[in-house]
Amino acid sequence: MVDVIERATSILSTIVYWPNAAQVVFDMKVLDYIEELFGSLNKVVQARACWLVGNFASHESIAPAVSTTKTCVQLLSLLRVNDTEVVEQATYALSQISWWSDGAQAAIDAKVLHYIENLLSSSNQGTLRWGCSLVGNFSSYQSIAPEVFRMKTCVQLVSLLRHTDAEVIEQATYALRCISQWPNGAQAAIDAKVLDYIEEFLSSSNEKCPAPALLTMRTCVQFVLLLRHKDVEVVQRATYALGQISRWSDGAWAAFDAKVLVCIEELLGSSNQMVQRWACALVGNLASHESIAPAVLSMKPCIRLVSLLHHTDAEVIEWTTYALGQISRWPDGAQAAVDAKVLDSIEELLRSSNEGLFIWACRLVGNLASHESIAPAVLTARLCFQLVSLLRHKDAEIIHRATYALSEISQWPNGAQAAVDAKVLDYIEELFTSSNEMVQRWACTLVGDLASHVSIAPAVLTARPCIPLVSLLRQNDALAHRVAYALAKVSYWPNGAQAAIDAKVLDHVVGLLGSPHPVIRSCTSQLVRNLASHDSTAPAIAGLNFCLQLVSILNDEDEEVVKTAIYVLCRGRSLRLRPVEGNS
């Protein structure tokens with residue numbers, strides 16, 4: 001008989017998870033047997049009875065029937081049972097009941113708070129999970145929350161943020177979030193050192209997205225409230241947290257919706273250097289998202305940021321340069337930075353004794369130079385000699401950023417001439433052989449940009465870039481796009497085309513045209529078309545046995561790829577096309 005009851009209770013507790021089934025079972029008066037099931041000597045029956053009640057309580061239409069003080073008292077008695085499964089399921093039931101205001105009050109009246117400390121120190125992960133959920137639900141109600149604060153649960157909750165179980169961490173975060181929506185609760189969480197954990201967690205996340213609970217407007221509202229806290233260390237840590245959260249799009253939107261921008265001017269003008277550092281990081285991270293950048297720019301932060309470039313604290317200057325670099329990714333932001341006289345400070349940034357600053361200064365220059373309307377102003381600053389000098393630096397990341405900046409500058413004829421005058425071509429071979437892939441990538445782009453200008457191309461060809469470029473195709477498939485781009489630009493010119501042929505570029509053409517990446521196919525088609533357009537190199541292209549490959553790309557989405565295939569297939573002198581447009 002006991003086995004029958006056990007199986008029946010298990011089946012019913014599972015069925016009532018679904019709303020329609022729950023209503024059917026409820027209408028069968030199954031709750032009339034709950035007290036008897038709770039009192040069973042069979043621990044499985046007791047656990048399943050708790051699960052049954054918890055699942056009933058999850059449905060709004062049925063919850064009032066189980067959200068009574070009597071039910072809660074019975075569940076509390078089961079928290080004292082010496083069985084982890086029973087305790088876990090009783091905690092689950094109380095958590096589901098407390099989701100509703102009447103249920104939360106019933107649980108409080110039954111003295112459930114007397115058990116919270118034990119639940120949060122349980123060795124059972126399920127009990128911990130539902131114990132945290134229970135605390136969070138209680139803390140959601142203004143009338144009940146003060147009683148939770150008096151229990152001093154925040155210390156236990158913060159300790160659970162380092163638990164090994166992801167669901168325990170999620171529920172502990174939920175509980176702390178609910179607690180922190182109230183001023184006294186936020187203070188209790190701060191006193192429990194929650195900001196230490198958040199700072200540690202966010203700084204160690206790297207490219208991994210943090211817990212979704214940290215990327216919500218509700219969480220960010222709590223942090224924004226802390227920006228006006230009387231303790232400057234709290235302000236500092238809240239600013240840091242918001243900055244880190246804003247690295248991700250969802251987090252940035254949550255911070256924006258929480259009205260963080262209203263506080264930006266005050267944070268940037270703080271007398272505390274740490275607050276200023278993290279405020280700059282916050283501005284930069286927000287501005288890195290295209291959808292939010294206009295709102296950031298509407299706050300007109302550039303004048304304040306440019307003034308901070310003369311700060312006495314090296315890290316404030318570094319983070320300010322980062323923020324201006326992110327703002328300058330967008331045309332309006334770049335214009336705002338130039339209008340704020342950022343270019344007056346660039347030379348000083350590139351001569352700084354703080355080498356960490358070089359990375360962000362180069363990025364700032366490159367981002368500014370990427371905009372056609374801004375580039376002339378950048379070129380008047382005569383920065384190429386300083387950028388080229390950084391190509392000798394021992395830090396590969398600095399070399400990478402300097403190469404990027406020079407590449408962006410070299411898009412424009414005057415910029416390309418300035419780069420050549422600064423002897424950038426003396427470093428090309430060394431850049432190609434760097435052990436840093438990003439340096440190699442931007443070196444390819446730099447060569448392509450330089451070679452696209454008629455007045456500069458002869459100088460580029462004297463640097464003999466084709467052999468190292470083709471060598472990169474053999475070494476690293478990830479560089480194929482940039483290498484093909486550079487070779488296409490070089491091959492626009494007859495001497496460059498012959499140099500590419502001599503470097504055995506044709507050994508790679510078939511594979512590149514068959515690449516699954518459209519951008520590689522596009523650049524390769526320009527390369528092939530340019531090679532085929534010169535009398536001296538056309539026979540080499542015509543002699544390639546890759547008709548099937550060319551036919552296969554006739555349906556390519558890129559019109560230039562299709563034109564290249566048609567042209568090479570025809571091979572007729574009368575059909576020979578001009579080199580691909582785009583070189584100046």
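Under full-length UniProt numbering, the residue at position 323 of the sequence shown is numbered 323, and the numbers go up by one with no gaps. We put the CB at the ideal spot given by N, CA and C, even for glycine. All values reported here derive from a predicted model rather than from experimental measurement.
Distance CB(residue i)-CB(residue j) smaller than 8 Å
i: leucine 134; j: serine 95; result: yes
i: glutamine 222; j: glutamine 181; result: yes
i: valine 275; j: threonine 219; result: no
i: threonine 524; j: leucine 506; result: no
i: serine 98; j: phenylalanine 56; result: no
i: leucine 368; j: phenylalanine 432; result: no
i: leucine 350; j: methionine 299; result: no
i: alanine 93; j: glycine 131; result: no
i: glutamate 408; j: glycine 448; result: no
i: valine 306; j: lysine 341; result: yes
i: alanine 375; j: tryptophan 319; result: no
i: alanine 418; j: leucine 379; result: yes
i: leucine 343; j: leucine 406; result: no
i: leucine 195; j: valine 234; result: yes
i: residue 635; j: leucine 202; result: Summary: the structure shown does not reach residue 635, with the chain confined to residues 1 through 584, and so no result is reported for it.
i: residue 589; j: isoleucine 553; result: No statement about residue 589 is possible, as the shown extent of the chain runs from 1 to 584 and does not include it.
i: isoleucine 179; j: valine 148; result: yes
i: alanine 484; j: leucine 527; result: yes
i: lysine 193; j: valine 168; result: no
Distance between residue j and residue i (C-alpha atoms, nearest Å)
i: lysine 489; j: cysteine 384; result: 22 Å
i: alanine 337; j: tryptophan 253; result: 23 Å
i: cysteine 280; j: methionine 217; result: 21 Å
i: serine 452; j: glycine 496; result: 11 Å
i: arginine 441; j: arginine 482; result: 6 Å
i: tyrosine 322; j: alanine 334; result: 13 Å
i: alanine 540; j: alanine 416; result: 31 Å
i: valine 45; j: serine 61; result: 25 Å
i: lysine 70; j: proline 183; result: 33 Å
i: histidine 289; j: glutamate 117; result: 43 Å
i: lysine 29; j: glutamate 85; result: 25 Å
i: valine 424; j: asparagine 436; result: 18 Å
i: leucine 577; j: lysine 563; result: A caution first: leucine 577 carries a pLDDT of 39, below 50, which makes its placement in the model unreliable, though a value can still be read off. If you take the alpha carbons of leucine 577 and lysine 563, they lie about 10 Å apart.
i: isoleucine 317; j: lysine 504; result: 48 Å
i: alanine 314; j: isoleucine 520; result: 42 Å
i: glutamate 347; j: histidine 310; result: 13 Å
i: arginine 363; j: leucine 387; result: 11 Å
i: alanine 255; j: leucine 242; result: 7 Å
i: leucine 487; j: valine 454; result: 15 Å
i: arginine 162; j: glutamate 199; result: 13 Å
Neighbourhood of residue i by C-beta, 6 Å cutoff - its chain only, sequence neighbours within 5 removed
i: arginine 80; result: none
i: valine 460; result: Leu450 and Ala451
i: arginine 382; result: none
i: histidine 393; result: Ile399
i: asparagine 414; result: Leu379
i: serine 249; result: His289
Neighbourhood of residue i by C-beta distance below 7 Å, restricted to the same chain and skipping five residues each side
i: glycine 39; result: none
i: leucine 575; result: At leucine 575 the pLDDT is 36, less than 50, meaning the model places this residue with poor confidence; the figure from the coordinates comes in the next sentence. Excluding residues within five positions, the ones whose Cβ falls inside 7 Å are Tyr567.
i: threonine 537; result: Ala497, Gln498, Ile501 and Leu531
i: valine 73; result: Ala110
i: methionine 438; result: His400
i: valine 25; result: Leu12, Ile15 and Val16
i: histidine 534; result: Pro494 and Ala497
Any non-hydrogen atom of the ligand NAD closer than 7 Å to residue i Cβ
i: threonine 320; result: Although the ligand NAD was asked about, the structure shown includes no ligands whatsoever.
Buried versus exposed, by CB contacts within 10 Å (16 or more), residue i
i: isoleucine 303; result: exposed
i: tryptophan 330; result: buried
i: glutamine 236; result: buried
i: glutamine 475; result: exposed
i: arginine 573; result: Confidence in arginine 573 is poor, its pLDDT being 41 and thus under 50, which makes the residue's placement unreliable; the coordinate value appears in the next sentence. Flag for arginine 573 reads exposed.
i: proline 301; result: buried
i: valine 551; result: exposed
i: glutamate 88; result: buried
i: alanine 402; result: buried
i: valine 283; result: buried
i: arginine 48; result: buried
i: histidine 371; result: buried
i: glycine 269; result: exposed
i: proline 294; result: exposed
i: tryptophan 18; result: exposed
i: serine 67; result: buried
i: asparagine 354; result: exposed
i: aspartate 312; result: Residue identity check: residue 312 is threonine in the sequence provided, not aspartate. So threonine 312 ends up on the exposed side.
i: proline 468; result: buried
Same chain, Cβ closer than 8 Å to residue i, five either side skipped, listed in chain order
i: serine 101; result: Tyr141
Q. Does the segment 121-128 come within contact of the segment 93-108, defined as at least 3 CB pairs closer than 8 Å?
A. no
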